[in-house]
Structures are given as structure tokens and as C-alpha cells.
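Here the structure comes first, spelled out in C-alpha cells, and everything after it is commentary.
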Amino acid sequence: MTWHATTILSVRREGKVALGGDGQVTLGNQIMKADAAKVRRLAGGRVLVGFAGSAADGFALLERFEAKLKDHPENVPRAAIELAKQWRTDRALRRLEALLIVADEKHSLLLSGSGDVIQPTDGILAAGSGGAYGLASARALVAHTELPPGRIVRESLKIAAGIDIYTNESITVEELP
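Each residue of the sequence shown is one higher than the last, beginning at 1 in this note's numbering.
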């Protein structure tokens with residue numbers, strides 16, 4: 001898959017989690033918006049969600065995930081699995097081109113339209129066109145610094161923005177203690 005949309009990054013460290021993303025929205029090779037909010041708090045602020053891919057598709061999936069959270073309010077993995085099952089089997093949803101990263105105080109998960117619900121071994125997840133750059137930067141910072149997760153996410157997104165033309169420095173970072 002080739003995503004020309006954004007960079008979303010999540011880092012979990014020492015009982016804290018941060019999720020961040022840039023604000024760039026592109027249409028083809030043109031920047032349409034520089035400060036879109038692709039990271040949100042759900043469930044009364046207890047769950048963080050970020051999306052990469054088509055903005056309309058990302059918002060549609062975000063709304064569906066929020067509905068699954070209402071069905072399973074204290075169980076983020078169950079809500080994620082239920083959304084992934086629906087996403088994979090529903091004819092209309094299968095066409096959505098986006099990825100979701102969700103995090104609560106215990107879990108960090110990547111959700112895809114192929115039914116994937118992935119929890120990383122190292123607590124670091126990335127999605128979007130600059131995801132590989134953000135992931136590499138975050139892994140290096142986790143291994144070689146004592147920075148807190150929010151700072152690692154912010155610095156890694158800045159590095160990704162310096163490399164990936166579909167990522168900018170209009171960065172939003174949300175954290176959970």
C-alpha cells in the first residue's frame with residue numbers, strides 16, 4: 001500500500017503513551033490543508049485515535065470505532081477487533097483507504113481494512129506515508145535517550161516531516177498518563 005496522506009506515530013514508555021500526527025492533507029501533488037486534526041481523544045479522553053489515509057475514510061472509521069467503544073466501553077481490544085471484523089466483511093467499508101492507530105492506558109493497536117489488529121512488541125506504532133521514518137526515529141530515540149513518549153513522538157514526527165513530502169510540521173500530540 002502506498003499512502004500519500006500523513007504520518008501518525010504512537011510511543012508507549014514507562015506506563016505512558018503518546019499519539020501524534022501531522023496536519024497535512026494533500027490531493028494529488030497539491031497541499032490542500034496544513035493543519036487538519038487527525039488525532040482525537042475518545043471515550044471521555046481515555047482513548048487516543050489517529051488515522052492515516054483518505055481524510056473522509058479516516059473520519060468514517062473513527063466514527064465507527066467510537067461506536068464500537070460505546071458497545072465495549074472498558075475493552076479497547078474488543079472494540080478494535082469488532083471494527084476490524086466489520087471493516088473486512090462489509091462491502092462499503094472494505095473500500096475505505098485508511099489505517100487507525102488506537103491507544104489507551106494498556107494497549108496500543110494498529111487496525112487495517114484487511115482485518116489486522118496489531119499490538120507492537122516494542123510499544124511503537126506508525127502509519128502513513130512518513131510512517132517508516134517516524135518509526136525508525138522513535139526506535140532510535142527510545143533506545144538511546146530517556147525522553148518521555150510525548151517528546152519522542154514530537155521529535156520523530158519532525159524528522160519524518162523533514163524527509164516525507166506528504167508530512168508537515170503542524171504536529172498534534174496527545175498523551176495518556
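C-beta atoms are modelled at their ideal positions from N, C-alpha and C, and glycine is treated no differently.
Taking a C-beta distance under 7 Å as the contact criterion, L157 and G50 do not qualify as a contact pair. Judged by their CB atoms, V142 and L9 are not nearer to each other than the 7 Å cut-off.
Here K68 is buried: its Cβ has 16 or more other Cβ atoms, across all protein chains shown, within 10 Å. The C-alpha of R78 lies about 16 Å from the C-alpha of L61. In terms of CA proximity to A136, V11 leads the group A5, V11, A37. About 6 Å separates the CB atoms of V102 and V47; that is less than 8 Å, so the two are in contact. Restricted to the stretch 86 to 172, the alpha helix (DSSP H) segments that are unbroken, complete and at least 4 residues in length are 131 to 144, 149 to 163, listed in chain order. When the beta-carbon positions are compared, A161 and V117 stay at least 7 Å from each other. Shown here for R64: same chain residues with a beta carbon closer than 8 Å to its own, the five before and five after excluded, namely L83, Q86, W87, L93 in chain order. Looking from the CA of G128, the closest CA among M32, R40, S54, R13 belongs to S54.
Here S114 is exposed. Its C-beta has fewer than 16 other C-beta atoms within 10 Å. K70: member of the alpha helix (DSSP H) spanning 55 to 71, first to last residue.
According to DSSP, G50 shares a beta bridge with V39, I101.
Ranked by how close their Cα comes to the Cα of V25, the residues G58, E174, A43, R13 have G58 in first place.
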